[in-house]
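Here the protein sequences line up with chains A and S, keeping their order.
Residue numbers for the first sequence, in our numbering: 1 to 103.
Residue numbers for the second sequence, in our numbering: 1001 to 1367.
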Amino acid sequence: MLSSDQVVRRDKRTASRILAGEAVVLTPMNSKIHGFNETGSRIWELLAGEPTVGELVAQIHREFQVSEEQARADIEAFIEDLKARGLIMLGKAVSRKKTDGSD
Amino acid sequence: MDQTETQDNEARPNRTGLNGVQILQAKARAHDIPLHVMLELTNRCNARCRHCYIGNRSPKNELNLAEYEHILDQLAAAGTLFLVFSGGEPLMRPDFFEIATLARQKEFSFILFSNATLITSETADRLLELCPERVEISLLGGRAVTHDRITMIPGSFDKTIRGARFLIERGVSVQFKTTWMRENIAEAAEIQDLAKDMGALFRSAFLIIHKRDGSASTAELRATPDQLREMIRQSYDRREVKTVPPEPEPLNDRQKAANPCGVGQITCRIDSHGLVYPCAAVDIVLGNLRQETFNSVWHGSEELKRLRSIRIADLTECSSCELFSRCSRCAGLARMETGSLLGPSPQACIVTRAFEGFYQERRCQLQ
């Protein structure tokens, strides 16, 4: 399970765009293209701001009107998938002002 | 909340029969997105290749770093994902790495076209850090004497191979590319073996476009039909798996309603002075980024609207040719050769007939 204050960053080796509302991510080292659905695209967009896991959960919970538990479960699975594909880096837990309301 | 998901889409066809890049290109076409942009960073070059289309190599009035930053911002906003850094020789620009770094910070993918003669171990380290999709390197002969005669720079072959090795050793993807000419086509096997032995990819180019000053002087460099046939035969004999494509079929109405190529659809070229063109070969100026925004050119150019409206059915001579589905016709080259974007390209006709003639012989032998 991911900690709420872990920071999620796009791997700087990726290339990406939001095209017609959907994120397209390329890993140039193997020329793989990864396409996301609406929610995945929104999460990828949010990763530009290098949010914590907790901040992502809070944002998706608000925007997509799903329970916090559901948002956390989906985001954790998605983040694990992105990590396995080499699209993101997980940073160390940092001391930042909490914005997700969790403790 | 929808199930979040990712889809691997690189080279593997999916249920639609299209691979990831093709799906992306279809989407870009549907939304008028300039997915691929070639940035000709400079006309300067340290080689003097006899088939090169660049005439004037002056660096005068080249776009500067700040101008490139502004252009990259505009391209990112327009949806461009894939850049090609071309030239001239891009590494002749002292600020090449600043431009490339900006591009990667703005999350573009890039391919570098280079002759690799300026790539040192330090340069290779810096390129590795930038994680290019690949570096495409012109290799014009399997032997130094041939390559150097075409580049007109003694010692260039050795420098090119050395530069390529620095990249390959670091895991940077390298693709050698050879334009087949009268002078080098007999060395096809040596060139391809060299690429394989070094761990590089390889691709061929059969068409030689005219010089941008309008001169057709490069025409004399073209391989003869006999040379092409011999090279095709040798390449076929060397293949581990020998397959012959089926007989070509005439296009149906649905196929004729498609665009002939990506010109003006999802690609464009920006030269080192900020002029925008539909592609590397079509020399029609669409706009000037020193005077107008990229968006206004891409969406406002009347010339582009005309190019986008061209359908295969409009290519009156080509669309009824039974070899069209096999043809590597280039609209820009057709325009250079005959004055018409809609006409056939005699060079492409020769190459396509050489291939199809060979395959037809094989089909007859197999029957």
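A virtual CB, placed ideally from N, CA and C, is assigned to each residue, including glycine.
Only a predicted model underlies this, so the values are computations on that prediction, with no experimental measurement involved.
When secondary structure is reduced to three states using DSSP, G1287(S) falls in the strand class.
When rounded, the separation of the alpha-carbon atoms in T1178(S) and F1110(S) is 20 Å. I75(A) sits close to V53(A), with the two beta carbons spaced by under 8 Å. Contact check between the stretch 1055-1074 of chain S and the stretch 1021-1030 of chain S: fewer than three CB pairs, one atom from each, fall below 8 Å, which does not count as touching. In this structure, P1344(S) places its C-beta atom within 8 Å of the C-beta atom of E1317(S).
Within the stretch 15-48 of chain A, the complete alpha helix (DSSP H) segments of 4 residues or longer fall at 38-47, listed in chain order. Judged by their CB atoms, L1228(S) and A1354(S) are nearer to each other than the 8 Å cut-off.
Under the DSSP definition of a beta bridge, Y1277(S) partners with R1269(S). In terms of Cβ geometry, C1330(S) and A1281(S) form a close pair [threshold 8 Å]. If you draw a 10 Å sphere on the C-beta of E1062(S), you find 16 or more other C-beta atoms in it, and that means buried. Its chain contains H61 as the residues whose beta carbon lies nearer than 8 Å to that of S67(A), once the 5 sequence neighbours on both sides are disregarded; these appear in chain order. For S1109(S), the three-state secondary structure derived from DSSP is strand. The beta-carbon distance between V1351(S) and F1206(S), rounded to whole angstroms, is 4 Å. This is short enough to meet the 8 Å contact definition. With a 10 Å radius around the Cβ and a threshold of 16 neighbouring Cβ atoms, L1091(S) comes out buried.
Cβ neighbours of L1275(S) within its own chain (closer than 6 Å, five residues either side excluded): V1285, N1288. By the criterion of a C-beta distance shorter than 7 Å, V1263(S) is surrounded in its chain by P1278, C1279, V1282, L1307, A1331, once the five residues flanking it on both sides are discounted. Residues of the stretch 3-24 of chain A with a C-beta atom less than 9 Å from some C-beta of chain S are R10, K12, R13, T14, A15, S16, R17, I18, L19, A20, E22, V24, listed in chain order. Beta-bridge analysis with DSSP links F1085(S) to L1039(S), L1112(S). Between M29(A) and chain S, the shortest Cβ-Cβ separation is below 8 Å. In the DSSP assignment, L90(A) is bridged to V8(A).
Going by DSSP, I1137(S) is part of the beta strand (DSSP E) stretching over 1134-1138. Assigned with DSSP and collapsed to three states, T1316(S) falls in helix. A residue is called buried when at least 16 other Cβ atoms come within 10 angstroms of its Cβ; G1155(S) does not meet this threshold and is exposed.
Per DSSP, the beta bridge partners of F1202(S) are F1176(S). Excluding residues up to 5 positions away in sequence, N1043 lie with their Cβ nearer than 7 Å to the Cβ of S1058(S) in the same chain. With a cutoff of 8 Å on beta-carbon distance, S1086(S) and F1113(S) are scored as near each other. The residue among E1247(S), R1126(S), D1213(S) with its C-alpha nearest the C-alpha of E1361(S) is E1247(S).
For L26(A), the residues of chain S that pass the 7 Å Cβ criterion are L1081, S1109, in the order they occur in the chain.
Residue-level contact check: I88(A) does not touch chain S, since none of the beta carbons of chain S fall below 8 Å from its beta carbon. The DSSP-derived three-state label of T1151(S) is helix. Scanning chain A for C-beta atoms nearer than 9 Å to the C-beta of H1031(S) yields L19, A20, reported in chain order. For P1094(S), no alpha helix (DSSP H) segment is defined, and its DSSP state is neither H nor E. In the three-state reduction of the DSSP assignment, T52(A) falls in the strand class.
A residue is called buried once 16 or more other Cβ atoms fall within 10 Å of its Cβ, and G35(A) is buried on that count. Any Cβ of chain A closer than 8 Å to the Cβ of P1132(S) would place that residue at the interface, and such an atom is present.
Looking at the DSSP output, V1263(S) bridges to T1267(S).
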